[in-house]
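Going left to right, the sequence shown walks through residues 1 to 182 as this note's numbering numbers them.
Built from N, CA and C at the ideal position, the CB exists for glycine as well.
Okay, structure first, notes after.
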Amino acid sequence: MYKDPENLNEILDGCRHDDRKAQEKLYRNYYRAMMSLCLRYTKTEEDALEVLNTGFLKVFRNIHRYDAVKAGLFTWMRTIIVNSCLDFIKSKQAQSQTGELNEAIQVEIQPEAITKMKSVELLNMIRTLPPATQAVFNLYVTEGYNHKEIGKLLNISEGTSKWHLSEARKILQQKIREQQLS
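Given below as structure tokens:
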């Protein structure tokens, strides 16, 4: 679990007063964890950095709304960053409406294939998924949202959310299978 810096109250107070040094300290303290989150939702590091910076801008603009009684700072910021990721995906989807569905390929993989993979390889495979499919996969598998919640977040039906999850699994199975053969 993530540990907040010892001088968190001082940093937060500075951020509430638009102190650039305090904002930089907050950014540096949470950069690695939040960047990892953004990398799960985007295709490139440049996109992840764009989403991260947009998310931090929202954090800084809304820091006065943070209430430690309701949630920890990490959780509060994580929610903002996830929503920034989802906004980014929605904007990318609106730019490129390529709605053709791929034929689902049922593939069996050996469990040891996944255990032999490095996490970077798996992350790179996830990043090749179509944006909406990647978002649903991350929200369901990594974030623990259910299909109803995902539907509300992405403005899609529960059935569409289930389809995207199924499609993500099929695509990932195929990619793992291809890696096994090479």
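Identity of the residue in the options nearest residue i by Cα
| i | options | result |
| --- | --- | --- |
| residue 73 | 155, 168, 27 and 134 | 27 |
| residue 142 | 177, 155, 158 and 78 | 78 |
| residue 58 | 127, 85 and 71 | 85 |
| residue 68 | 172, 48, 129 and 8 | 8 |
Neighbourhood of residue i by C-beta distance below 8 Å, restricted to the same chain and skipping five residues each side
| i | result |
| --- | --- |
| residue 31 | 52 |
| residue 132 | 89, 93, 154, 156 and 164 |
| residue 146 | 140 |
| residue 97 | For residue 97, the predicted structure reports a pLDDT of 39, less than 50, and the residue's modelled location is therefore unreliable. The matter cannot be settled from this model. |
| residue 151 | 157, 158, 160 and 161 |
| residue 190 | Missing from the structure shown is residue 190; the chain here goes from 1 to 182 and no further. |
Straight-line gap, residue i to residue j (C-alpha atoms, nearest Å)
| i | j | result |
| --- | --- | --- |
| residue 91 | residue 119 | 28 Å |
| residue 157 | residue 176 | 29 Å |
| residue 46 | residue 180 | 30 Å |
| residue 24 | residue 18 | 11 Å |
| residue 164 | residue 125 | 15 Å |
| residue 162 | residue 22 | 42 Å |
| residue 66 | residue 76 | 7 Å |
| residue 42 | residue 127 | 6 Å |
| residue 186 | residue 50 | Past the edges of the chain, shown from 1 to 182, lies residue 186, and the structure says nothing about it. |
| residue 12 | residue 167 | 42 Å |
| residue 63 | residue 70 | 14 Å |
| residue 178 | residue 144 | 28 Å |
| residue 109 | residue 83 | Model confidence at residue 109 stands at a pLDDT of 42, short of 50, so the residue's coordinates are unreliable; what they give is reported in the following sentence. Rounded to whole angstroms, residue 109 to residue 83 spans 33 Å at the Cα level. |
| residue 130 | residue 121 | 17 Å |
| residue 20 | residue 137 | 36 Å |
Rounded Cβ spacing between residue i and residue j (contact assumed at less than 8 Å)
| i | j | result |
| --- | --- | --- |
| residue 15 | residue 60 | 6 Å |
| residue 139 | residue 123 | Contact flag wrong, Cβ pair sits at about 16 Å. |
Nonlocal neighbours in the same chain, by C-beta distance under 6 Å from residue i, ignoring five residues either side
| i | result |
| --- | --- |
| residue 81 | 34, 37 and 55 |
| residue 148 | 158 |
Extent of the continuous alpha helix (DSSP H) run through residue i
| i | result |
| --- | --- |
| residue 28 | 20-41 |
| residue 55 | 45-62 |
| residue 126 | 119-127 |
| residue 70 | That residue, residue 70, is in no alpha helix (DSSP H); it is neither H nor E in DSSP. |
| residue 133 | 131-137 |
| residue 171 | 158-181 |
| residue 6 | Per DSSP, residue 6 belongs to no alpha helix (DSSP H) and is neither H nor E. |
| residue 151 | 147-154 |
Close-in-space but distant-in-sequence residues of the same chain around residue i (CB under 7 Å, 5 per side omitted)
| i | result |
| --- | --- |
| residue 29 | 5 |
| residue 135 | 41, 86, 89 and 154 |
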